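Chemist: Residue numbers (the UniProt record's numbering), protein chains in the order written: chain A, 1 to 136; chain B, 1 to 136. A virtual CB, placed ideally from N, CA and C, is assigned to each residue, including glycine. All figures in this text were calculated on a predicted structure; none of them were measured in a lab. Dropping a structure here in structure tokens format, bear with me for questions.
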DNA sequence: GTCTTCCTCAACCGAACGGTTGACTGAGTC
DNA sequence: GACTCAGTCAACCGTTCGGTTGAGGAAGAC
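So, in structure tokens, the structure goes:
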């Protein structure tokens, strides 16, 4: 099966499942309780819960006949971690671009203006490098 | 087609596409450039880029024959916003539970111990309310 | 025991997904 | 004009996904 991150993203790609997570953030709930608002069979809801569980977003315990579903918020950090990393990188890239533009002299034509040379190929991996890969 | 949030999550549910995002955070790239590391056809990569574009994660401009792909980091905020909201709610719920446990007297039997009453229904929507829905 | 409640398993179905191949377009070079 | 480069469009194919129905299991209630 897919890697952890893929499972988490895929699990949250469904509006019904996102809504379940939203409701489980407020309180644990049984499957039939969860199913109430949606116009679908109990089995379908059970499947959705299973997807969330496989993604590690949710756990179930046994409590008499009930099977309360509990939100495991930790996994969400895995995701925000990933997202934040690249958001910051992209932002940084923007900032550098702004610096370059700011350092340009008022008239562009002549070669090699002052601040420009050191801004071009700083940390961008050599093109054609192996995939930047999943963050560890 | 699906809502914006679903498209973003779905787009990032694929490892190849996440890798593309990771690389685009470092520098814009053309499709064939992007395709290089993966053992798949150019058309497949083009499709992946289209998915990212439909999710608003990426944009393309025209530049001579090239069609450089550019990461649009803003949409990532949409996601972290959603995630953070429920992570915090869940955390808050834990904190309140801890408070309740901490406020219990050493012998549980009698009713209404001191600090307990004010911890029950502060911002929890009435149960059975309409689906907590997509955050606006 | 029987009965009810809560839930899961299994099989099926249509739609979407991730990939392929082949034909094509747009822009630049000769 | 002919040709190449970069990329897309269209049709197809196998697998996964989100839902259904029907049968069945586990834990009380009677």
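Could you check which residue in B:58, B:45 and B:33 has the C-alpha nearest to that of residue 21 (chain B)?
Modeler: Checking every option, the nearest Cα to that of residue 21 (chain B) belongs to B:58.
Chemist: Rounded to whole angstroms, what is the Cα-Cα separation between residue 77 (chain B) and residue 84 (chain B)?
Modeler: Distance between the alpha carbons of residue 77 (chain B) and residue 84 (chain B) is about 10 Å.
Chemist: For my contact list, residue 61 (chain A) and residue 30 (chain A) are in at a C-beta cut-off of 8 Å; report their separation, rounded to the angstrom.
Modeler: Their Cβ separation, rounded to whole angstroms, is 11 Å, which puts residue 61 (chain A) and residue 30 (chain A) out of contact at 8 Å.
Chemist: Nearest to residue 45 (chain A) by alpha carbon, out of A:64, A:75, A:14 and A:74?
Modeler: Cα-wise, what sits closest to residue 45 (chain A) is A:14.
Chemist: Check residue 32 (chain B) in the structure and name its three-state DSSP category.
Modeler: In this structure, residue 32 (chain B) counts as helix in the three-state DSSP scheme.
Chemist: Whole angstroms is fine: what's the gap from residue 4 (chain A)'s alpha carbon to residue 23 (chain A)'s?
Modeler: When rounded, the distance between both Cα atoms is 23 Å.
Chemist: Check distances from the C-beta atoms of the region 8-21 of chain A to those of chain B and list, in chain order, the residues that come in under 8 Å.
Modeler: Result list: 9, 10, 12, 13, 14, 15, 18, 19 and 21.
Chemist: Give the DSSP-derived three-state secondary structure of residue 71 (chain B) in the structure shown.
Modeler: If DSSP states are grouped into helix, strand and coil, residue 71 (chain B) belongs with the strands.
Chemist: Tell me the rounded alpha-carbon separation between residue 113 (chain A) and residue 80 (chain A).
Modeler: Note that residue 113 (chain A) scores 38 on pLDDT, short of 50, meaning its location in the model is unreliable; the coordinates nonetheless yield the value given after this. Residue 113 (chain A) and residue 80 (chain A): Cα-Cα distance of roughly 40 Å.
Chemist: Quick check on residue 25 (chain A): buried or exposed, where buried means 16 or more other Cβ atoms within 10 Å of its Cβ?
Modeler: It is buried - the Cβ of residue 25 (chain A) has at least 16 other Cβ atoms within 10 Å.
Chemist: Alpha carbons only, please: which of A:93, A:71, A:95 and A:27 is nearest the one belonging to residue 54 (chain A)?
Modeler: The candidate whose alpha carbon is nearest that of residue 54 (chain A) is A:71.
Chemist: Within this structure, are the beta carbons of residue 12 (chain A) and residue 86 (chain B) separated by less than 7 Å?
Modeler: Against a cut-off of 7 Å, the Cβ pair of residue 86 (chain B) and residue 12 (chain A) comes out as no contact.
Chemist: Report the neighbours of residue 79 (chain B) on chain A: residues whose CB is nearer than 7 Å to its CB, in chain order.
Modeler: Within 7 Å Cβ-Cβ: 83.
Chemist: What residues from chain B crowd round residue 91 (chain A), counting only those whose CB sits closer than 8 Å?
Modeler: Chain B residues near residue 91 (chain A): 73.
Chemist: Against chain B, with Cβ distances strictly below 7 Å, would residue 87 (chain A) count as a contact?
Modeler: Output row for residue 87 (chain A): interface = yes.
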